[in-house]
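Heads up, the sequence shown is in our numbering, so the first residue is 76 and it goes up one at a time. Where is the CB? At the ideal position from N, CA and C, for every residue including glycine. Heads up, the thing below is written out as structure tokens.
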Amino acid sequence: MTKIWRGGILRKLLAVIGLVAMTSACAGLPGSAPTNFYVIKPAAGLGPDAAANTLPQGISVGIGPIQIPGYADRSQIITFDGGARVTVADFDHWAAPLGDTIKRISSANVAALIGEEKVFPYPADFRPDRRSLQIALEIVDIGQRADGQAWVRARWHVKRLYDNQVAMRGSGNYEEPTTAGDYDTYAEGLSVIFGRLAKDLVASLDKVQFEPATN
């Protein structure tokens, strides 16, 4: 009976020792590192743009949809090592889906330039009038190069919602110096870039021709 009791105790001790060893091993795995999260903010210092003064009275602008490249449609931050090779940061993530973030900050930036009351997220449940426009934005490329340069390549079109006709198309390449491997400065650089992009979007709005209302 004593041998059975001692054998049971020995098995329990071995099980505890094994569990401690497994826990220690897991603690040393790369997955135990903390994950850092980053946000891209609306551009600082944006105010009413000169183009805003020439926009028609009563204009309203819907922002969306936003398209981003497939390689960037993930929570992990993507950077480019050179050539076609990309690095996926396992422990450095965007705090929100990148497409949603770009739509949010683009709406905020355009609103800062032409007025909050003129901008709304698209699609929206309302009846468009002759002064209702939509900006559809495609981010063709986005990233940070090995030298730290952040860049965005974008194209967009402006559509009149009343007759569902594309009234203006535009595109642009944007770059901003950041620190290679520093995702704080990368996010800040993208914030600056999307501020410049918003100014180009507003410039496209200013070129839209509206048909006169008919009685």
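Three-state secondary structure (DSSP) of residue i
{"i": "Gly270", "result": "helix"}
{"i": "Leu212", "result": "strand"}
{"i": "Arg205", "result": "coil"}
{"i": "Arg235", "result": "strand"}
{"i": "Val277", "result": "helix"}
{"i": "Ile223", "result": "Checking the sequence, you will find Gly at residue 223 rather than Ile. Coil."}
{"i": "Ala127", "result": "helix"}
{"i": "Ala229", "result": "strand"}
{"i": "Cys101", "result": "Model confidence at Cys101 stands at a pLDDT of 46, short of 50, so the residue's coordinates are unreliable; what they give is reported in the following sentence. Residue state, collapsed to three classes: helix."}
{"i": "Ala118", "result": "coil"}
{"i": "Ala147", "result": "helix"}
{"i": "Pro140", "result": "strand"}
Near the ligand SAH: residue i beta-carbon under 6 Å from a heavy atom
{"i": "Pro172", "result": "This structure simply doesn't include the ligand SAH, nor any ligand for that matter."}
Backbone CA spacing between residue i and residue j [nearest angstrom]
{"i": "Gly139", "j": "Arg206", "result": "17 Å"}
{"i": "Asp238", "j": "Leu212", "result": "19 Å"}
{"i": "Phe155", "j": "Gln132", "result": "45 Å"}
{"i": "Val163", "j": "Ser150", "result": "10 Å"}
{"i": "Val194", "j": "Ala186", "result": "6 Å"}
{"i": "Gly120", "j": "Thr260", "result": "18 Å"}
{"i": "Lys282", "j": "Gly245", "result": "11 Å"}
{"i": "Gly235", "j": "Pro109", "result": "According to the sequence displayed, residue 235 carries Arg and not Gly. Taking the straight line from one Cα to the other gives about 47 Å."}
{"i": "Glu192", "j": "Ala159", "result": "43 Å"}
{"i": "Val136", "j": "Phe285", "result": "14 Å"}
{"i": "Thr176", "j": "Ala273", "result": "14 Å"}
{"i": "Pro196", "j": "Asn184", "result": "13 Å"}
{"i": "Asn111", "j": "Asp124", "result": "35 Å"}
{"i": "Ser182", "j": "Gly190", "result": "11 Å"}
{"i": "Asp148", "j": "Gly122", "result": "30 Å"}
{"i": "Thr254", "j": "Leu208", "result": "38 Å"}
{"i": "Pro117", "j": "Pro144", "result": "21 Å"}
{"i": "Pro172", "j": "Leu188", "result": "25 Å"}
{"i": "Leu276", "j": "Val227", "result": "14 Å"}
Residue closest to residue i, alpha-carbon to alpha-carbon, out of the options
{"i": "Leu280", "options": "Tyr249, Tyr258 and Val241", "result": "Val241"}
{"i": "Glu251", "options": "Gly270, Asp200, Arg235 and Arg244", "result": "Gly270"}
{"i": "Tyr258", "options": "Pro109, Tyr113 and Gly122", "result": "Tyr113"}
{"i": "Ala278", "options": "Thr254, Thr260, Met243 and Thr253", "result": "Met243"}
{"i": "Gly157", "options": "Asp275, Ile143 and Gln224", "result": "Gln224"}
{"i": "Ile210", "options": "Val227, Ile152, Lys116 and Gln142", "result": "Gln142"}
{"i": "Asn248", "options": "Ala255, Val215, Val161 and Gly256", "result": "Val215"}
{"i": "Gly256", "options": "Ile152, Ala118, Asp148 and Ile134", "result": "Ile152"}
{"i": "Ile134", "options": "Leu276, Val227 and Asp204", "result": "Asp204"}
{"i": "Val161", "options": "Leu173, Lys178, Leu276 and Tyr146", "result": "Tyr146"}
{"i": "Arg179", "options": "Trp226, Leu276 and Ile115", "result": "Ile115"}
Terminal residues of the beta strand (DSSP E) in which residue i lies
{"i": "Asp257", "result": "Run containing Asp257: none; DSSP gives neither H nor E here."}
{"i": "Gln132", "result": "No beta strand (DSSP E) contains Gln132, which DSSP labels as neither H nor E."}
{"i": "Ala164", "result": "Arg160 to Trp169"}
{"i": "Tyr113", "result": "Asn111 to Tyr113"}
{"i": "Val194", "result": "Val194 to Pro196"}
Start and end residues, alpha helix (DSSP H) containing residue i
{"i": "Asp175", "result": "Leu173 to Ile189"}
Should the region 222 to 235 be called in touch with the region 158 to 170, which here means at least 3 C-beta pairs below 8 Å?
Too few Cβ pairs lie closer than 8 Å, so no.
contact_flag[the region 251 to 267, the region 206 to 225] where n(CB pairs < 8 Å) is 3 or more:
Note that the region 251 to 267 touches the region 206 to 225; at least 3 beta-carbon pairs, one per stretch, sit closer than 8 Å.
Any chance the region 194 to 203 sits against the region 116 to 131, with 3 or more Cβ pairs inside 8 Å?
Between the region 194 to 203 and the region 116 to 131 there are fewer than three C-beta pairs closer than 8 Å, too few to call the two in contact.
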